[in-house]
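Convert by adding 438 to the 1-based position in the sequence shown; the result is the number in our numbering. Contents: one structure, followed by commentary.
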Amino acid sequence: MPSPDLQSARIVAGALALLAREIREVGPPVDLWSPSLPPGFISEVAARVGRGEAAPLWVEERHPARGLAIYSPSPWESEFFGFGTARLLGPFMVAERQRDRENRVRKLARLAIDRALAGQARLITLKTFHDPAVLRGFLGEGFIMAEIGATLERPAPDEEAPAAVPAGFVFLGETELRPAGMAAEAATALGDFFYDGHYRHDPTPGPETACRMWRQTVLEDLTGAAAPVLALWDGRKDRLAAVATARIAANEAALSILAVTRPYRRRGLGRLILLEMLNRLRGKSAIIRAETASYNLPALRLYHSLGFVNAAPLAALHYHVHTEGLK
Ligand SMILES: CC(C)(COP(=O)(O)OP(=O)(O)OC[C@H]1O[C@@H](n2cnc3c(N)ncnc32)[C@H](O)[C@@H]1OP(=O)(O)O)[C@@H](O)C(=O)NCCC(=O)NCCS
């Protein structure tokens, strides 16, 4: 007898593979809203379930492809917020009728809330596509819309585009940026570079916590979590002007950080470092993806001017578990 986790892992892999096949074979409108489900993604999710790091929630246990979400505690976010935080992946479902989809999502949302209560998590977060039925389902169960994320993509460039570095500036790469001291300096230089310092648009965790999280993202990216990593150094003032990082998986690159420190903005350096990042991603991935808040017009304009086009937007949803009155 396989352990329950391995059994769940197999069921999850089977349900996602079935959904992937439906999307591939029938295409929209079978599931207009589901992202493509590449085999690498499916096996990674199933492996996490198999290791007991994530748990499947399903609307009908005997028909897992008709409504599945994956619930996992997020130690990283929990550490920063000082309370349990969980992430939800999905929903994944073969269900065409909007009312049916909404009801299925409501059930998944309630299952997730029950899990959070049982595991003493106080915040559930997820990013999902903009299917109105799915949004209504989550919002109907008390989730809030924390942010609309713009997603963008473009093919990796075939040819190197010239990126003329202004006098006195120099690009730094992995070797110079990996040492922890340098990474910490970069994180300090970037400061609270993300919008108003909120975690997405949700003020509850507080700006200080959000800033600590973004700082940690910079540290982790620069010390090994991302590759390539790139910085623009102002040799004349001996300080950092910009950072860009990316993460490559399964022939796709996701831009992670793109930030210009405040004194250097609007001088063409954002365009320069992004162009150089595109050059460095040549031959390493077929597609380059980027994500930013839909209201981040400077970033959107910059991406568009370098050939990125909009892909399906992502809604970031949060649920704050009301723990008052609970033991
Ligand atoms: C987005 C960001 C990287 C742009 O860097 P930058 O060095 O200021 O941008 P550039 O000077 O290279 O400008 C490139 C293009 O971006 C757009 N842009 C940049 N700042 C803008 C602003 N304040 N308003 C409108 N458009 C702007 C313009 O299209 C500009 O081209 P143009 O000068 O021909 O009009 C920078 O504003 C930043 O670090 N923001 C905070 C972090 C962030 O939001 N990162 C985005 C990804 S999460």
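Note that beta-carbon positions come from the ideal geometry of N, C-alpha and C, so glycine has one too.
Checklist entry - How many Å lie between Ala547 and Pro593 at the Cα? => result Between Ala547 and Pro593, the C-alpha separation is close to 36 Å.
Checklist entry - Given that a residue counts as buried once 16 or more other Cβ atoms are within 10 Å of its Cβ, and exposed if not, what is Arg525? => result Buried.
Item to check | Leu678 CB to nearest heavy atom of ligand 1 below 6 Å | outcome: No.
Item to check | Cβ neighbour criterion (16 or more within 10 Å) applied to Thr838 | outcome: With the chain represented from 439 up to 765, any question about residue 838 goes unanswered, as that position is not in the structure.
Item to check | Candidates Ser446, Leu506 and Ser516, of which the one nearest Ala484 by Cα | outcome: When each option's Cα is compared against that of Ala484, the closest is Ser446.
Checklist entry - Just checking, does the stretch 682-690 make contact with the stretch 636-652 on the three C-beta pairs under 8 Å criterion? => result By the Cβ test, the stretch 682-690 is not in contact with the stretch 636-652, since fewer than three Cβ pairs between them sit closer than 8 Å.
Checklist entry - Can the beta-carbon of Phe581 be found less than 7 Å from the beta-carbon of Tyr757? => result For the pair Phe581 and Tyr757, the CB atoms are nearer than the 7 Å cut-off.
Checklist entry - Taking the Cβ atom as the reference point for each residue, do Gly611 and Gly673 lie within a distance shorter than 7 Å? => result For the 7 Å CB-CB criterion, Gly611 and Gly673 do not form a contact.
Checklist entry - For the beta strand (DSSP E) that contains Ala503, what are its first and last residues? => result The continuous stretches of beta strand (DSSP E) do not include Ala503, and DSSP gives it neither H nor E.
Checklist entry - With burial defined as no fewer than 16 other Cβ atoms inside 10 Å of the residue's Cβ, what is the status of Ala663: buried or exposed? => result Under this definition Ala663 is an exposed residue.
Next on the checklist: Can you give me the C-alpha to C-alpha distance between Val608 and Ala458, rounded to a whole angstrom?
Outcome noted: Going from the Cα of Val608 to the Cα of Ala458 covers about 45 Å.
Next on the checklist: Nearest by alpha-carbon distance to Lys675: which of Leu752, Arg448, Ile562 and Ala627 is it?
Outcome noted: When Leu752, Arg448, Ile562 and Ala627 are compared, the shortest CA-CA separation from Lys675 is found for Ala627.
Checklist entry - Mapping DSSP to helix, strand and coil, what is Met583? => result Strand.
Item to check | Outcome for Asp596 when other beta-carbon atoms lying within 10 angstroms are tallied against a minimum of 16 | outcome: Exposed, by the Cβ-count rule.
Item to check | Contacting residues, own chain, Cβ-Cβ under 6 Å from Arg448 (five flanking each side not counted) | outcome: A distance below 6 Å between beta-carbons, with the five flanking residues on each side excluded, links Arg448 to no residue of its chain.
Checklist entry - Does any heavy atom of ligand 1 sit closer than 6 Å to the C-beta of Val698? => result Checking the Cβ of Val698 against ligand 1 gives yes.
Next on the checklist: Taking 6 Å as the limit between beta carbons, can you name the residues of its chain near Thr730, skipping five residues before and five after?
Outcome noted: In the same chain as Thr730, and ignoring 5 residues on each side of it, the C-beta atoms closer than 6 Å to its own belong to Ala588 and Ala737, in chain order.
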